[in-house]
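Residue numbers (my numbering), protein chains in the order written: chain G, 121 to 234; chain F, 6 to 114.
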């Protein structure tokens with residue numbers, strides 16, 4: 121089974137703090153993603169990475185950065201946390217198969233910024 | 006307009022009922038489609054892929070209508086354990102995957 125883990129399930133941070141969210145996958149997938157999920161908006165892509173040290177902006181990259189130093193690890197960084205970044209953050213890993221690019225998600229980190 | 010649109014529900018159905026979810030997508034270049042299931046406070050998990058010819062997996066049937074840009078999911082003989090949010094997903098190629106906001110289903114005894 122594919123396993124995607126995230127460093128924290130719940131996190132509470134103060135406005136202005138620098139926040140690191142870690143994601144690790146154990147299936148040697150090249151592609152990794154960071155999403156945030158908010159009620160009524162669905163999952164929105166923040167950043168993705170298709171290889172070590174490679175990254176691309178998603179739909180809502182403002183206020184975030186990422187790091188991928190090793191294939192199995194993809195980190196999301198909130199440079200200066202703000203209250204509008206309170207959300208559920210989901211990391212995903214992807215392989216390409218014949219039927220299409222299925223994604224496997226980590227358990228999520230529920231971040232609250234106060 | 007959202008690229009993938011779903012009725013948010015909630016759908017409240019009794020056990021044993023048949024329930025259908027619909028989803029529309031706006032990008033005609035979308036190539037592959039999926040339904041994911043997300044339990045409360047959990048991550049989304051792949052339920053099934055959706056093929057042009059339609060596909061069935063036990064009590065679940067998924068259909069795709071490319072002409073109408075429409076995807077459906079039918080659940081027969083609903084179980085309490087089917088209660089969840091169902092996400093419609095369209096993949097356009099490369100890294101472009103769009104998730105719908107989800108449809109909530111509550112199955113009651």
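The beta carbon of each residue, even a glycine, is placed where N, CA and C say it ideally should be.
Keep in mind it's a predicted model, so treat the numbers as computed, not measured.
For the pair of segments examined, the stretch 179-198 of chain G was found to touch the stretch 136-155 of chain G: the number of CB pairs separated by less than 8 Å reaches three.
According to the DSSP assignment, residue 108(F) belongs to the beta strand (DSSP E) that extends over 108-113. Under the Cβ criterion (8 Å, minimum of three pairs), the stretch 105-113 of chain F counts as touching the stretch 81-93 of chain F.
Taking all protein chains shown into account, residue 157(G) has 16 or more neighbouring C-beta atoms within 10 Å of its C-beta and is therefore buried. Beta-bridge analysis with DSSP links residue 155(G) to 165(G), 210(G). When Cβ-Cβ separations below 9 Å define contact, residue 26(F) makes no contact with chain G.
Remark: C-beta atoms of residue 164(G) and residue 229(G) do not approach each other more closely than 9 Å.
Comparing alpha-carbon positions, the option among 101(F), 23(F), 92(F) lying closest to residue 53(F) turns out to be 92(F).
Counting only Cβ-Cβ distances below 7 Å, residue 51(F) has contacts in chain G at 222, in chain order. For residue 190(G), the uninterrupted beta strand (DSSP E) segment begins and ends at 184-190. Taking a C-beta cut-off of 7 Å against chain G, none of the residues of the stretch 57-84 of chain F qualify. Distance between residue 95(F) and residue 131(G), taken at the CA atoms: about 31 Å. Put simply, the backbone Cα of residue 106(F) is about 12 Å away from that of residue 30(F). Residue 96(F): member of the beta strand (DSSP E) spanning 89-98, first to last residue.
Under the DSSP definition of a beta bridge, residue 101(F) partners with 98(F). In the three-state reduction of the DSSP assignment, residue 23(F) falls in the coil class, being assigned neither a helical nor a strand state.
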